[in-house]
Structure formats: structure tokens, C-alpha cells
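K.L.:
Protein chains: 2
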Amino acid sequence: MPNPLVRKLENFVRLSAEERQALERITQPTRRLGAREDVIRDGDRPRHVNVILEGWACRYKQLEDGRRQVISIFLPGDLCDPHVFVLRKMDHLLGTLTPVVIAEVSETAIREVVHQYPRIGEALWWEMLVTAAVQREWTVSLGQRLATERLGHLFCELFLRLRAVGMTNETSCEFPITQADLGDAMGLSTVHINRTLKELRASGLIRLRGRQLTIPDLPALQAASLFDPSYLHYERDPSVIGDD
Amino acid sequence: MPNPLVRKLENFVRLSAEERQALERITQPTRRLGAREDVIRDGDRPRHVNVILEGWACRYKQLEDGRRQVISIFLPGDLCDPHVFVLRKMDHLLGTLTPVVIAEVSETAIREVVHQYPRIGEALWWEMLVTAAVQREWTVSLGQRLATERLGHLFCELFLRLRAVGMTNETSCEFPITQADLGDAMGLSTVHINRTLKELRASGLIRLRGRQLTIPDLPALQAASLFDPSYLHYERDPSVIGDD
DNA sequence: CACTCGAATTCACGCAGGTTATTTTGGCAA
DNA sequence: TTGCCAAAATAACCTGCGTGAATTCGAGTG
Numbered sequence: 001m002p003n004p005l006v007r008k009l010e011n012f013v014r015l016s017a018e019e020r021q022a023l024e025r026i027t028q029p030t031r032r033l034g035a036r037e038d039v040i041r042d043g044d045r046p047r048h049v050n051v052i053l054e055g056w057a058c059r060y061k062q063l064e065d066g067r068r069q070v071i072s073i074f075l076p077g078d079l080c081d082p083h084v085f086v087l088r089k090m091d092h093l094l095g096t097l098t099p100v101v102i103a104e105v106s107e108t109a110i111r112e113v114v115h116q117y118p119r120i121g122e123a124l125w126w127e128m129l130v131t132a133a134v135q136r137e138w139t140v141s142l143g144q145r146l147a148t149e150r151l152g153h154l155f156c157e158l159f160l161r162l163r164a165v166g167m168t169n170e171t172s173c174e175f176p177i178t179q180a181d182l183g184d185a186m187g188l189s190t191v192h193i194n195r196t197l198k199e200l201r202a203s204g205l206i207r208l209r210g211r212q213l214t215i216p217d218l219p220a221l222q223a224a225s226l227f228d229p230s231y232l233h234y235e236r237d238p239s240v241i242g243d244d
Numbered sequence: 001m002p003n004p005l006v007r008k009l010e011n012f013v014r015l016s017a018e019e020r021q022a023l024e025r026i027t028q029p030t031r032r033l034g035a036r037e038d039v040i041r042d043g044d045r046p047r048h049v050n051v052i053l054e055g056w057a058c059r060y061k062q063l064e065d066g067r068r069q070v071i072s073i074f075l076p077g078d079l080c081d082p083h084v085f086v087l088r089k090m091d092h093l094l095g096t097l098t099p100v101v102i103a104e105v106s107e108t109a110i111r112e113v114v115h116q117y118p119r120i121g122e123a124l125w126w127e128m129l130v131t132a133a134v135q136r137e138w139t140v141s142l143g144q145r146l147a148t149e150r151l152g153h154l155f156c157e158l159f160l161r162l163r164a165v166g167m168t169n170e171t172s173c174e175f176p177i178t179q180a181d182l183g184d185a186m187g188l189s190t191v192h193i194n195r196t197l198k199e200l201r202a203s204g205l206i207r208l209r210g211r212q213l214t215i216p217d218l219p220a221l222q223a224a225s226l227f228d229p230s231y232l233h234y235e236r237d238p239s240v241i242g243d244d
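As given, the protein sequences belong to chains A and B, one line each in that order.
Number 219 in full-length UniProt numbering belongs to position 219 of the first sequence; there are no gaps in the numbering.
Number 7 in full-length UniProt numbering belongs to position 7 of the second sequence; there are no gaps in the numbering.
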């Protein structure tokens, strides 16, 4: 199983064998959590960058009265906040959605690798900017899209992000999160998530059984969800020439 | 009128006179736009960092069928995407909400200043991370907060951000944007924005006439809106010692 | 001063999605 | 196989917000 961070970054730059090794060296598994556990809580001082190696996690906030919003979903290969060090306190929580394996990378380890391999630095910049773009697209979804569009859009996004780390086959992928968590992410009630899934299934746009999602016709789902993949910036930069 | 970027960054680090001058030198006004004009469109290649010197602007996206979502609001002192250069195309638009004065700063100008004054680099990191935190809080608002809470939260946020650049007095500030734009930002219809403002006014939490917003009791509005200011990270880092 | 036009306000009605509660399913352990 | 429990599914009812259409206000302008 190849390192998902390496796979992801190679969607943007071509990495040399040496660069790949450097990344793999600093992202060895250091922590395992079960489903529904917190990785770090708000108010805590961030001590390292968490890189997801296996499983799904999320950023979330909890309002005083219990309402919960999942702010972003982390998949294998995702970095949780490179550079939070500048701030002294977390203003949100990181939690797992499924059992998860994490690499805790120190600030200095990142600094050194980036200093030695500037192209990795570039790639990490790209990854940060894409993460911000995803956050913006969630804002659009929550503000404008109807429930079917919103869920459909999320399926498209997660499918493409999983494909970028080689975790899909032609039309399907693992989809291990509960309808309750989906609701907290999409700003919808569990009941309405269920209703909406039923509708998407009935229209033939998705199949979802157990933990398996199938999108028989991705362009159709994209069209129905007003999904434009350009915000993911997945085309590799042609100005960067590889040397592996 | 002091440079709003300098004022803003000084909420995080203390800057020397030399550092202040360096910032002011690279943020001279270079472009003036009227209200409701586009600064840069999606698909365009970003050529420089836009720093808002006067007026209000916004990031927004437009769906194929015309629905519009304002993704973030830019106030004087805000930088629109330091580092977009890494991506080749804008995935959203930048537009003005009021007449605006902008400083277009080149990538190299930023690089040089940051290289010469590392503390400015730190401060720009802080500003980037706070911008991301604001984006996350908007996700929470759109996903969980009711219309009154959502608007109240926005008022609290904008008031504190304006205060950070010295553009408020005790309880009030300019508030120059239309109810239609507010609606596009909060994911609510113009009619409902109007209803909600009426309700907030009736409860005495805000006064809003013409382009003037007054918050007679900020803590009360914060409580009513589930507003926790810690995500703005405005307390200055005590580990940074000034030398001016 | 009257005119204009965008912005704000108000009204009546409809729908997307919330809430509470109940039932069914399915994975897993004893 | 039985039992357990979380997750999924379904139902009935309710509400926050959207829609479309007027009407009023207010800052400029000739």
C-alpha cells in the first residue's frame, strides 16, 4: 500500500524517488485511534501536523447548546493544518469518523524536508490552497445548494479526492460514515439525509449499501449537483518537469 | 489615515518603524474600482496579491443557474490570497461591494519583504490562518445557526475585524452593504434578511440606519448569536518582543 | 423642486427541511 | 442460533425560510 500523501501530492508535481522517500520517512504511523475519538480538542496547543494514513477523520465545532457542525472531512493523505503552530490554541476539534492511523509530524521535520526539497514545499502549498478551496465550496453548498445537490456534490468531491489517492475503482469507493455524521457535515437533519439518499437512489444517480458507494454515471451526478471539479486543481502543473 | 494592513498585523506582532515602512512601501494604492465591479474573475491567472486599502470587497461564486454565494467579505487591511500564484487559475471571483482602493502587490515584493523581515512573514502567516478560521466559522453559521444568530454573528465578526483596523468607535461602525449582498453571504433571501433585521432591531440588539451599524451591547449580541471571538486569534503573541 | 432608480419594507402563500417518535435492519458477540 | 445495539428507514406533523408581487423610502440629479 503506497503512502497516500505521496500519491496525493503527485497529482500536482512529479516527485523523484528521493523526494518520495523523504516524505515517507517523516510520515510513519505514530498513532492509532478508534472511531469517534478526538485527535485534538479546541483550546489545546497544536504540537504537530497530523497526517491521515488510514481511515476518515474530520474537523468539527460544537456550539454551546450541542449543535455540531463538521467543518471538513479528512481522507487518507490529508494533512490537518500544516502551520497551525503560529496560532497558540486550536479553535476547533479534530475527531475520527472511523478507526484511523495517523502520522504525527513535527514542525521541524516538515521544515527540514521542505528546505531540502523545495518541490515538496510547492506541493504542500498546493495542498493547502486546495484545502482552502474545498472549504469555500462547502460554503457555497451550505449557502445555496438544495439537499439533493448538496449531498450529490459531496459524493462527487469525496469520490475524486479518494481517486486521487488511488482508493476507488471505476465507479465505486468505500463510504464508511454514518448518516448522522453526514447530516452534521451538510447542515441537515439525519431524517432529511435519509430522505435525500432515498431520492438520489431512486433517481439512479448513486447506489449506497453498507459502506460502499457506487456512482454509475459520474458526469450525470456532477450535472445534477452543479459540481465543477476545477476547484480541486487536480491537473498537474505542466511547467514542473519530473526527474524520476 | 494609517495603513490598515499595518494596523491589522499589529494585532498579532509588534512591528518596528522600519518594518512598518517596508509594508507601507509595497502597499501603495494602484487601483480604484466602483461598487459592484469585479477585481478578478474565475479562470483568470492571478498576477498579484490584492490588498484592500479602502472600501469593502468580497469573494464569491456564481452557480450556472444564477444563484450567487458570497464566500468571504474583505475589509480594509485584508489580503486576498497571498500565494494564489501556486494555482494557475482562479476558482472564484473577487468583486467590490462598495467603491474600493486596492494595492496590487507582486509576488516578488512580498517575497523580498518577508525575506528581509521574518516577523512580517510570521504576521502574514497569522493573517492567513485567521482568514481560514473565519471561513470555517462561516461554515458553522451556514450549517447550524438560525437567521437571527447568523446575522448577529456576522455583525459581531465584522465589528471586531473593523475594530482591529481602527474603523469603529465605542459601539458603532460603517456598514455599507446592501441587504441583497447580506443575503448572498448568509445564504438567505433578501426578504428574510429584512425580516431578521427587523427582529434584531426590535430586540434592541442592533441599530442599523443608512450605512451605520450600532451594537449597543456587544456581549449581549455575542451571547444571542453564539459568538465566541477566540477564532479571530486577536490576542497578541506575548513571546514576540517588540523593538520600536 | 420634481424625477428617478435602487434599496428597503411589507404581505400572502408555499415548500424544503426540522422534530419527535417508532420500526426495521444488519453486523457482531456470546 | 439468539440477543444486542447502533444505524437506517419510515411516518406524521410542524416551522423557518423562500417566492412573487407590491409599496414605500431615500439619496442623488437635472
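For every residue, glycine included, the Cβ atom is placed at its ideal position computed from N, Cα and C.
It should be emphasised that the depicted structure is a prediction, and the values quoted were computed from it without experimental measurement.
1. With a threshold of 16 other CB atoms inside 10 Å of the CB of residue 236 of chain B, please say whether the residue is buried or exposed.
2. Does the Cβ-Cβ distance between residue 19 of chain A and residue 3 of chain A come in under 7 Å?
3. Rounded to whole angstroms, what is the Cα-Cα separation between residue 135 of chain B and residue 207 of chain B?
4. To the nearest angstrom, how far is it from the Cα of residue 113 of chain B to the Cα of residue 185 of chain A?
5. Looking at C-alpha atoms only, which residue of B/202, B/199, B/197 and B/91 is the closest neighbour of residue 44 of chain B?
6. Chain B beta carbons: is any one of them nearer than 7 Å to that of residue 142 of chain A?
7. Taking Cβ positions only, does residue 61 of chain B come closer than 7 Å to chain A?
8. I'd like to confirm the pairing. Which residues does DSSP put opposite residue 156 of chain B in its beta bridges?
9. So that I know if they touch, is there some Cβ in chain A lying closer than 7 Å to that of residue 233 of chain B?
10. Do you know offhand how far residue 188 of chain B's Cα is from residue 22 of chain A's?
11. So, is residue 123 of chain A buried or exposed, given that buried needs 16 or more other C-beta atoms within 10 angstroms?
12. Under 8 Å, CB to CB, which of the residues in the region 12-29 of chain A have a partner in chain B?
13. Counting only Cβ pairs nearer than 8 Å, list the residues of chain A close to residue 44 of chain B.
14. Taking Cβ positions only, does residue 179 of chain A come closer than 7 Å to chain B?
15. What residues from chain A crowd round residue 152 of chain B, counting only those whose CB sits closer than 8 Å?
16. Taking Cβ-Cβ distances shorter than 7 Å, what residues in chain A pair up with residue 107 of chain B?
17. For residue 216 of chain B, does the count of other Cβ atoms within 10 angstroms reach 16, so buried, or fall short, so exposed?
18. Could you work out which residue in A/68, A/88, A/193 and A/177 is closest to residue 210 of chain A when comparing CA atoms only?
19. Check residue 28 of chain A in the structure and name its three-state DSSP category.
20. If you follow the beta strand (DSSP E) that residue 50 of chain A is in, where does it begin and where does it stop?
21. According to the neighbour-count rule (16 or more other Cβ atoms, all chains shown, within 10 Å of its Cβ), is residue 243 of chain A buried or exposed?
22. So, are the CB atoms of residue 55 of chain A and residue 165 of chain A less than 7 Å apart?
23. Looking at C-beta atoms only, is the number of pairs between the region 86-103 of chain A and the region 51-69 of chain A that lie closer than 8 Å three or more?
24. In the DSSP assignment, find the alpha helix (DSSP H) that holds residue 145 of chain B and state where it starts and stops.
25. Run down chain B in chain order and give the residues with a C-beta less than 7 Å from the C-beta of residue 56 of chain A.
26. Could you compute how far the alpha carbon of residue 27 of chain A sits from the alpha carbon of residue 16 of chain A?
27. Where residue 219 of chain A and residue 70 of chain B are concerned, what is the direct C-alpha to C-alpha distance, given to the nearest angstrom?
28. Mind checking whether the beta-carbon of residue 176 of chain A lies closer than 6 Å to any heavy atom of the ligand NAD?
29. Step through the CB atoms of chain B and report whether any lies within less than 7 Å of the CB of residue 230 of chain A.
30. Taking any Cβ of chain A, which residues in the region 66-81 of chain B have a Cβ under 9 Å from it, in chain order?
31. Among B/198, B/35 and B/161, which has the Cα closest to the Cα of residue 12 of chain B?
32. At a Cβ cut of 9 Å, what residues of the region 158-175 of chain B count as close to chain A, listed as they run along the chain?
33. Hey, is residue 38 of chain B's beta-carbon within less than 7 Å of any beta-carbon in chain A?
34. Taking Cβ positions only, does residue 98 of chain B come closer than 7 Å to chain A?
35. List the residues of chain B whose Cβ lies closer than 7 Å to the Cβ of residue 92 of chain A, in chain order.
36. In the region 71-142 of chain B, which residue ranges form an unbroken alpha helix (DSSP H) of at least 4 residues, counting only runs that do not cross its ends?
P.N.:
Let's see:
1. Stepping through the second sequence from its first residue, residue 236 of chain B is reached at position 236. The residue is exposed, with fewer than 16 neighbouring Cβ atoms inside 10 Å.
2. By one-based count along the first sequence, residue 19 of chain A stands at place 19. By one-based count along the first sequence, residue 3 of chain A stands at place 3. Their beta carbons are not under 7 Å apart, which means residue 19 of chain A does not touch residue 3 of chain A by this criterion.
3. Residue 135 of chain B sits at position 135 when you count from the first residue of the second sequence. Residue 207 of chain B sits at position 207 when you count from the first residue of the second sequence. Each residue's Cα considered, the two are about 26 Å apart.
4. As a first step, residue 113 of chain B must be located in the second sequence, where it is residue number 113. As a first step, residue 185 of chain A must be located in the first sequence, where it is residue number 185. If you take the alpha carbons of residue 113 of chain B and residue 185 of chain A, they lie about 40 Å apart.
5. Counted from its first residue, the second sequence places residue 44 of chain B at position 44. When only C-alpha atoms are compared, the closest one is B/91.
6. By one-based count along the first sequence, residue 142 of chain A stands at place 142. Interface with chain B (7 Å Cβ-Cβ cutoff): residue 142 of chain A is included.
7. As a first step, residue 61 of chain B must be located in the second sequence, where it is residue number 61. Chain A contact via Cβ: present.
8. If you number the second sequence from 1, residue 156 of chain B lands on position 156. DSSP lists no partner for residue 156 of chain B.
9. Within the second sequence, numbered from 1, the residue matching residue 233 of chain B stands at position 233. Taking 7 Å as the CB threshold, residue 233 of chain B lines the interface with chain A.
10. The sequence position of residue 188 of chain B within the second sequence is 188, counting from 1. The sequence position of residue 22 of chain A within the first sequence is 22, counting from 1. The C-alpha of residue 22 of chain A is placed about 48 Å away from the C-alpha of residue 188 of chain B.
11. Translated into positions along the first sequence, residue 123 of chain A becomes position 123. Under this definition residue 123 of chain A is a buried residue.
12. Within the region 12-29 of chain A, not one residue has a Cβ closer than 8 Å to any Cβ of chain B.
13. Locating residue 44 of chain B in the second sequence gives position 44, where the first residue counts as 1. Those do not exist, as residue 44 of chain B stays about 12 Å from chain A at its closest Cβ, beyond 8 Å.
14. Residue mapping note: residue 179 of chain A aligns to position 179 of the first sequence, counting from 1. It does not: the Cβ of residue 179 of chain A has no partner Cβ on chain B nearer than 7 Å.
15. Locating residue 152 of chain B in the second sequence gives position 152, counting from the first residue. The premise fails here: residue 152 of chain B is roughly 13 Å from chain A at the closest Cβ pair, so nothing lies under 8 Å.
16. As a first step, residue 107 of chain B must be located in the second sequence, where it is residue number 107. Chain order gives no chain A residues near residue 107 of chain B, where near means a beta carbon separation below 7 Å; the closest approach is about 12 Å.
17. Position 216 of the second sequence holds residue 216 of chain B. Of the residues assessed, residue 216 of chain B falls on the exposed side of the cut-off, its CB having fewer than 16 other CB atoms within 10 angstroms.
18. Locating residue 210 of chain A in the first sequence gives position 210, where the first residue counts as 1. Answer by Cα proximity: A/177.
19. If you number the first sequence from 1, residue 28 of chain A lands on position 28. Residue 28 of chain A falls in the coil class under three-state DSSP.
20. Start at 1 with the first residue of the first sequence, and residue 50 of chain A comes out as number 50. From DSSP, the beta strand (DSSP E) with residue 50 of chain A extends over 49-54.
21. Translated into the one-based positions of the first sequence, residue 243 of chain A becomes position 243. Residue confidence for residue 243 of chain A is low, a pLDDT of 42 falling below 50, so the modelled location carries little weight; the figure read from the coordinates is stated next. Burial call: exposed.
22. As a first step, residue 55 of chain A is located in the first sequence; it is residue number 55 there, counting from the start. As a first step, residue 165 of chain A is located in the first sequence; it is residue number 165 there, counting from the start. The answer is no: Cβ separation not under 7 Å.
23. The region 86-103 of chain A vs the region 51-69 of chain A: in contact.
24. Looking up residue 145 of chain B in the second sequence gives position 145. For residue 145 of chain B, no alpha helix (DSSP H) run applies, since DSSP gives it neither H nor E.
25. Along the first sequence, read from residue 1 onward, the residue named residue 56 of chain A stands at position 56. Within chain B, no C-beta atom comes nearer than 7 Å to that of residue 56 of chain A; the closest sits roughly 18 Å away.
26. Position 27 of the first sequence, counted from the first residue, corresponds to residue 27 of chain A. Position 16 of the first sequence, counted from the first residue, corresponds to residue 16 of chain A. Cα-Cα distance, rounded: 17 Å.
27. The count along the first sequence starts at 1 and reaches residue 219 of chain A at position 219. The count along the second sequence starts at 1 and reaches residue 70 of chain B at position 70. Each residue's alpha carbon lies about 26 Å from the other.
28. The model depicted lacks the ligand NAD and carries no ligand whatsoever.
29. Along the first sequence, one-based indexing puts residue 230 of chain A at 230. When Cβ-Cβ separations below 7 Å define contact, residue 230 of chain A makes contact with chain B.
30. Listed by position along the chain: 67, 68, 69, 70, 71, 72 and 81.
31. The residue you call residue 12 of chain B lines up with position 12 of the second sequence. Closest by alpha carbon: B/161.
32. Answer set for the region 158-175 of chain B: empty.
33. Residue mapping note: residue 38 of chain B aligns to position 38 of the second sequence, counting from 1. So, not an interface residue.
34. As a first step, residue 98 of chain B is located in the second sequence; it is residue number 98 there, counting from the start. For residue 98 of chain B, the answer is no, since every Cβ of chain A falls outside 7 Å of its Cβ.
35. Along the first sequence, read from residue 1 onward, the residue named residue 92 of chain A stands at position 92. Those within 7 Å of residue 92 of chain A in chain B are 136.
36. For the region 71-142 of chain B, whole alpha helix (DSSP H) runs of length 4 or above, ordered along the chain, are 107-116.
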